[in-house]
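Asks:
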Amino acid sequence: MKEVSKMSKRWALALSTALCAQFSGLAQAAPDGPDERAAKAVAAMTLDEKIRTVFGYFSTDFKGVARPREGVPFAAGFIPGVERLGIPHQQLTDAGIGVATQRNDKPRELTSLPAGIATAATWNPALAYAGGAMIGKEARLSGHNVMLAGGVNLQREPRNGRNFEYGGEDPLLAGIMVGEQIRGIQSNHVVATVKHFAFNDQETGRSRVNIKIDDAAGRMSDLLAFQIAIERGDPGSVMCGYNLVNGFYSCENDYLLNQVLKRDWGYKGYVMSDWGATHSTIPAAINGLDQQSGWPFDQSPYFNEALKEAVQNGHVPERRLDDMAQRILRAMYANGLMEHPVKIEPEKIDMAAHAKISQADAEEGMVLLANRGKLLPLTDSYQTIAIIGGHADVGVLSGGGSAQVYPVGGSPVPNEGPEGFPGPIIYHPSSPLKALATRLKARFIYHDGRDAATAARLAAASDLAIVFATQWTAEDIDQADIKLPHNQDATIAAVAAANQRTVVVLETGSPVSMPWLDNVGAVLQAWYPGTNGGEAIARVLTGEVDASGRLPATFPASEAQLPRPRLDGATLPKDARFAADYNIEGAAVGYKWFDKHKLKPLFAFGHGLSYTSFSYTDLKARPKDGGIEVNLKVNNTGKRDGKAVPQIYVAKNGAGWEAPKRLGGWQKLSLRAGESGDAVIQVDPRTLAVFDSKVGKWKIAAGDYTVTVATAADAPVRSVQVKLAAREFAAGGR
Ligand code: BGC
Numbered sequence: 002m003k004e005v006s007k008m009s010k011r012w013a014l015a016l017s018t019a020l021c022a023q024f025s026g027l028a029q030a031a032p033d034g035p036d037e038r039a040a041k042a043v044a045a046m047t048l049d050e051k052i053r054t055v056f057g058y059f060s061t062d063f064k065g066v067a068r069p070r071e072g073v074p075f076a077a078g079f080i081p082g083v084e085r086l087g088i089p090h091q092q093l094t095d096a097g098i099g100v101a102t103q104r105n106d107k108p109r110e111l112t113s114l115p116a117g118i119a120t121a122a123t124w125n126p127a128l129a130y131a132g133g134a135m136i137g138k139e140a141r142l143s144g145h146n147v148m149l150a151g152g153v154n155l156q157r158e159p160r161n162g163r164n165f166e167y168g169g170e171d172p173l174l175a176g177i178m179v180g181e182q183i184r185g186i187q188s189n190h191v192v193a194t195v196k197h198f199a200f201n202d203q204e205t206g207r208s209r210v211n212i213k214i215d216d217a218a219g220r221m222s223d224l225l226a227f228q229i230a231i232e233r234g235d236p237g238s239v240m241c242g243y244n245l246v247n248g249f250y251s252c253e254n255d256y257l258l259n260q261v262l263k264r265d266w267g268y269k270g271y272v273m274s275d276w277g278a279t280h281s282t283i284p285a286a287i288n289g290l291d292q293q294s295g296w297p298f299d300q301s302p303y304f305n306e307a308l309k310e311a312v313q314n315g316h317v318p319e320r321r322l323d324d325m326a327q328r329i330l331r332a333m334y335a336n337g338l339m340e341h342p343v344k345i346e347p348e349k350i351d352m353a354a355h356a357k358i359s360q361a362d363a364e365e366g367m368v369l370l371a372n373r374g375k376l377l378p379l380t381d382s383y384q385t386i387a388i389i390g391g392h393a394d395v396g397v398l399s400g401g402g403s404a405q406v407y408p409v410g411g412s413p414v415p416n417e418g419p420e421g422f423p424g425p426i427i428y429h430p431s432s433p434l435k436a437l438a439t440r441l442k443a444r445f446i447y448h449d450g451r452d453a454a455t456a457a458r459l460a461a462a463s464d465l466a467i468v469f470a471t472q473w474t475a476e477d478i479d480q481a482d483i484k485l486p487h488n489q490d491a492t493i494a495a496v497a498a499a500n501q502r503t504v505v506v507l508e509t510g511s512p513v514s515m516p517w518l519d520n521v522g523a524v525l526q527a528w529y530p531g532t533n534g535g536e537a538i539a540r541v542l543t544g545e546v547d548a549s550g551r552l553p554a555t556f557p558a559s560e561a562q563l564p565r566p567r568l569d570g571a572t573l574p575k576d577a578r579f580a581a582d583y584n585i586e587g588a589a590v591g592y593k594w595f596d597k598h599k600l601k602p603l604f605a606f607g608h609g610l611s612y613t614s615f616s617y618t619d620l621k622a623r624p625k626d627g628g629i630e631v632n633l634k635v636n637n638t639g640k641r642d643g644k645a646v647p648q649i650y651v652a653k654n655g656a657g658w659e660a661p662k663r664l665g666g667w668q669k670l671s672l673r674a675g676e677s678g679d680a681v682i683q684v685d686p687r688t689l690a691v692f693d694s695k696v697g698k699w700k701i702a703a704g705d706y707t708v709t710v711a712t713a714a715d716a717p718v719r720s721v722q723v724k725l726a727a728r729e730f731a732a733g734g735r
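For the sequence shown, the numbering used here begins at 2 and goes up steadily by one.
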């Protein structure tokens, strides 16, 4: 009793003090937030200190320029701090799959997630977050406090060499998955960077291509992916891309940077340029670039002495320079960079635990594309299994370029790639063959697959054949077509002809064509599966885990089905300037284009088989919070535990959208054999709206909408109707 009354007296006292203070203005001021702290720091900075903060260096010797002494060696970037104000150095590392190293003899050997496209294929935001948290931790423990991760360019172009770094073709799926990864990275007091803003959807002529796209189409496609990723992840920075958009370089594009990003979306972080993507001082500064990156990549150190001079002579107002510095410092304060200084202490990384995080992501991202006659999961009934191709005896492939993560102990395969960037070709030493051999009694025989006839003879003499087909994709180079390279189609066809129990495992960064599809038993899309990729492949093939990935991008039947059957710029000289017309498809990217033109893809967006079966019942939908809430029951009707991914597609009855339907939401559910679960899915209002450029607002039209639960874009299960009232909301809203 005594205690209670003492407590309540204390509370009463505290309350009255607080109230008095509130009314007398004597309250202890709330601690400053990141805006106030940044503003105070900027006010204390000299002109030179501000200039230092907006000018970044490459942290690797390059073009005869030595890296800054205090930069982490062979890292992507360095910006000196201001010691007297407690502002630390910015140490920048690539990228979205883990901590990368610029090419050299002694790379950092760290954990690689599966490709970004594989993480998107999990449709499991919790895995994206966990992967982000893991690589963010490795970034911090290897001395970096800014991670250039958060690639969310939409897959408009299946031949794009960087599709593996991104989140697929749908703005909602890509935005949510990449946003979660960003949130995970930043949970380590490391700034993340959403990139490459915007429409940097092909590598061919990436610094010279002018992307033509209308405002509304852009806001309902690529820009929406960025908008959602930024809302979810709140990244400290945005990296502007190499390409031009509607006639202006992305990094000096008033429309992209000032109007869309900073005005309409209210973005408070900073815009850094891609390495070599700054082209001017005054236009870049005025049109929204806040930090030049990677000197000496650009032609000139535009944001160094030249910017100082432009400020001194008034071409760039000093308050604009203050705004640049404010945005950079705000991102640093908001993410706790001042309170949590980084140190190089890789010995603190729990490599085994991190490999498991990567493996969980890889396992859920694998997509079982076909499983004729239920060849998978593999049983223990085979005496001999032929493993053919893909260096599956020693490892798994990764994608190339600045995002390259190097494995512990090095690549088990001598580099087969280009001498310079974006090589080398790196395999992670996690052998699918060995992982299978520990799980199955069969005798395994490996053949490299280069000679189709020998591979076929081995397959004929085996009870089962597994062909590992690879497609190395990399930054700076697009694929010429969607075919598997190096004659692998011929090997697969010959093996399948020799043994009808043929399984194909694809380690590719992008969709590929499959002329042999009807003749093989099963196809597993394994993407680039990362550090423990071999284990992950074996676990999915043997059914230790369900196959629960779903395609985040359409697999076309041929290039003829694409908005651009020929890749723009592919036949032009290297230095040619050219345009790519994204208004051809506008916002009808991927499955939306296929729907609109009634094209039948090889595999639709959202497709993916499971080892069990599901039914979807009790579908209900009602207007809620300006969007729609969908409820349904998901039932595991099979004999195995598994994961379902009910997808909700929305359609406006009658015309008016860029395509017949859009993905409005989804949920991934883990269900035991025979178990049922409830899915509750909120449809993002923007997927029900059209952007009206004349008034700069999203508009939902009054009328009837069809809400469909489906297992893929081309596999509807059931639908209900919802009536919506007319509604409009701001460009930056929902
Ligand atoms: C890439 C960026 C990367 C940067 C720094 C550029 O070539 O486009 O994604 O972050 O290099 O390495």
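The beta-carbon is built from N, C-alpha and C at its ideal position, and this holds for glycine as well.
Quantities reported herein were computed from a predicted structural model and do not represent experimental measurements.
Sort D693, L670, K669 by Cα distance to E659 and report the nearest one.
Replies: Answer by Cα proximity: D693.
Asks: My output table needs one value for G514: the three-state DSSP class, helix, strand or coil.
Replies: Here the sequence assigns Ser to residue 514, which means Gly is not the residue at that position. If DSSP states are grouped into helix, strand and coil, S514 belongs with coil.
Asks: Ignore the nearest five residues each way along the sequence and tell me which others in V414's own chain have a CB closer than 6 Å to its CB.
Replies: So the qualifying residues of the chain are H392, Y428.
Asks: Among the residues of its own chain, which have a CB less than 6 Å from the CB of M325, if the five just before and after it don't count?
Replies: V55, D291, listed in sequence order.
Asks: Using the C-alpha atoms, what's the distance from P32 back to S9?
Replies: Summary for S9: the model assigns pLDDT 42, below 50, so the residue's position carries little reliability; its value from the coordinates is reported in the next sentence. The alpha-carbon atoms of S9 and P32 are separated by roughly 27 Å.
Asks: Let me check you understand the geometry: is the CB of S60 closer than 6 Å to at least one non-hydrogen atom of the ligand BGC?
Replies: Not so, every heavy atom of the ligand BGC lies at least 6 Å from the Cβ.
Asks: With C-beta atoms as the reference, is A311 less than 7 Å away from I283?
Replies: Going by C-beta atoms, A311 is nearer than 7 Å to I283.
Asks: With distances taken between CB atoms, is the gap from G78 to P89 smaller than 7 Å?
Replies: The answer is no: Cβ separation not under 7 Å.
Asks: Can we count S403 as close to the ligand BGC, meaning its CB is less than 6 Å from some heavy atom?
Replies: Yes - the ligand BGC has a heavy atom lying nearer than 6 Å to the Cβ of S403.
Asks: Please report the distance separating the alpha-carbon of V563 from that of P717.
Replies: At residue 563 the sequence reads Leu, which differs from the Val that was named. Spanning the two alpha carbons is a distance of roughly 23 Å.
Asks: Do you know how far the Cα of I483 is from the Cα of D235?
Replies: Roughly 35 Å between the two C-alpha positions.
Asks: For A193, which option in D202, D490, G99, D715 has the closest C-alpha, if you only look at C-alpha atoms?
Replies: When only C-alpha atoms are compared, the closest one is G99.
Asks: Applying the criterion that 16 or more other CB atoms from any shown protein chain within 10 Å of the CB defines a buried residue, is R551 buried or exposed?
Replies: So R551 ends up on the buried side.
Asks: Check V718 in the structure and name its three-state DSSP category.
Replies: Three-state result, V718: strand.
Asks: Does DSSP put K213 in a helix, a strand or coil?
Replies: Of the three classes helix, strand and coil, the one that applies to K213 here is strand, per DSSP.
Asks: What residue ranges within the stretch 582–609 form continuous alpha helix (DSSP H) runs of no fewer than 4 residues, ordered along the chain?
Replies: Entirely contained in the stretch 582–609, the alpha helix (DSSP H) runs reaching 4 residues are, in chain order, 592–597.
Asks: Around the C-beta of M273, are 16 or more other C-beta atoms found within 10 angstroms, so that it is buried, or is it exposed?
Replies: Buried: at least 16 other Cβ atoms inside 10 Å.
Asks: Might you give, ordered along the chain, the residues of its own chain that have their beta carbon closer than 7 Å to the beta carbon of W473, omitting 5 neighbours on each side?
Replies: Closer than 7 Å at Cβ, skipping near neighbours: L398, G401, G418, I426.
Asks: How about N416 and A461: are their beta carbons less than 7 Å apart?
Replies: The answer is no: Cβ separation not under 7 Å.
Asks: Hey, out of D619, Q668, Y583, whose CA is closest to N247's CA?
Replies: Closest option to N247, Cα to Cα, is Y583.
Asks: Can at least three beta-carbon pairs, one atom from the stretch 501–510 and one from the stretch 101–111, be found at a separation below 8 Å?
Replies: These segments do not touch.
Asks: Shortest alpha-carbon distance to G270 belongs to which of G390, R673, D171, V147?
Replies: The shortest Cα separation from G270 among G390, R673, D171, V147 belongs to V147.
Asks: Give the DSSP-derived three-state secondary structure of Q23 in the structure shown.
Replies: With a pLDDT of 42 at Q23, under the threshold of 50, the modelled position of this residue cannot be trusted; read the value that follows with caution. Correct three-state label for Q23: helix.
Asks: Between the stretch 639–651 and the stretch 609–617, do three or more beta carbon pairs fall short of 8 Å?
Replies: Taking 8 Å as the limit for Cβ pairs, the verdict is that the stretch 609–617 does touch the stretch 639–651.
Asks: Judging by CA-CA distance, which residue of E545, A726, A558, L308 is the nearest neighbour of D49?
Replies: Of the listed residues, the one whose Cα sits closest to D49 is L308.
Asks: Tell me whether A77, by its Cβ, gets closer than 6 Å to a heavy atom of the ligand BGC.
Replies: The answer is yes for A77.
Asks: Kindly indicate which three-state DSSP category I98 falls into: helix, strand or coil?
Replies: Here I98 sits in coil by DSSP.
Asks: Three or more C-beta pairs under 8 Å: does that hold for the stretch 528–538 against the stretch 352–371?
Replies: Touching, per the Cβ criterion.
Asks: Span of the alpha helix (DSSP H) holding G444?
Replies: Checking the sequence, you will find Arg at residue 444 rather than Gly. It is not in any alpha helix (DSSP H) - R444 instead sits in the beta strand (DSSP E) that spans 444–448.
Asks: So is Q722 buried or exposed if we call it buried at 16+ other beta carbons inside 10 Å?
Replies: So Q722 ends up on the exposed side.
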